[in-house]
Structures are given as C-alpha cells and as structure tokens.
Amino acid sequence: MLPAQNRLRLPADFSTTLRSGVRVGRRNLVLSACLSSPDAPGRFGFIVSKAVGNAVVRNLVKRRLREIGARLLQEHPAGIDVVVRSLPAAAQADWEELVADMDQAFAVAQRRLAARTRERSGADSATGEARA
C-alpha cells in the first residue's frame, strides 16, 4: 500500500504529470512521469477506466499497480511523479506481466527524464543564459 504522502490526489497534479512529463507505452499500461523537486517524495497516481472491466477487475488491477508502485518507490524514493493509466489488456495480465511492463516503462521514463535534464542544462551552459 502506498502511504498518503506518496499518492497523487489532486487533478492538477495528474494534469501536470500527463502534460509535461514523458510518456512510455507498454502492452498493459501507459506510464507518464515528470520530475518534481529533488527533496519531494516520489508520488504515484493510477487511472483505471471502465474499459478495463467491471469494478472487481478494476480494483484488482489497481491493487496490483499500487503494489508495484510501492516497490519502485523503495528503489527511487524522491523527486518523481508518475501516473499509470492501465489499458484493457491489463485485466487479463498476470502479476509477472504487469511487473515487467511497469519496470520497463519506469526505466525508459527515467532515462528520458535524465536525457531531458542533461539537454536543458547543457543548452543553458552553452548559451550562458539562466533558465527561469
């Protein structure tokens, strides 16, 4: 279970992560991630629509995704906000498939965020301008 400090709850937080973050798609989910302040706790949010299945199936998928998110937070505890949108295929996916998809998507998102950060800091130092 994710502690309250590690959950995205406000619609504005979801929107910010979805709009300004990097997006990585896999068979069972789409993961969007953006960097927050380095001292802020890592936070996860989940979107599981009715297209995934009935309430029982949706809740099962959410519980599995939250558990995987909690495990990822143990390895990467701060500085990142993540929104995971499950796709209809997640209803038939077993635990190992969900873990593999989320681990792969998270790793790719981290690489893209790191590249974006290097790109921005490199451009700033090359021009000698300060970023706002």
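Going letter by letter, the sequence shown gives residues 932 to 1063 in my numbering.
Note that CB positions come from ideal geometry on N, CA and C, so glycine has one too.
Query raised in the report: Where Cys-965 and Asp-1012 are concerned, what is the direct C-alpha to C-alpha distance, given to the nearest angstrom?
Result: 5 Å
Query raised in the report: Going by DSSP, what residues sit across from Ile-1011 in a beta bridge?
Result: Leu-966
Query raised in the report: So what does DSSP say about Leu-941, is it helix, strand or coil?
Result: coil
Query raised in the report: Of the choices Gln-1041, Arg-989, Thr-948, whose alpha-carbon is the least far from that of Asn-959?
Result: Arg-989
Query raised in the report: Over what stretch of residues does the beta strand (DSSP E) that includes Gly-976 continue unbroken?
Result: 974-978
**Report entry** Where Gly-1053 falls, given that 16 or more other Cβ within 10 Å makes a residue buried
**Finding:** exposed
Query raised in the report: Roughly how far, in whole angstroms, is the beta-carbon of Ala-1036 from the beta-carbon of Leu-962, given that I think they are within contact range, below 8 Å?
Result: 4 Å
Query raised in the report: What is the residue span of the beta strand (DSSP E) that Val-955 lies within?
Result: 953-956
Query raised in the report: Which of the three DSSP states, helix, strand or coil, is assigned to Leu-960?
Result: strand
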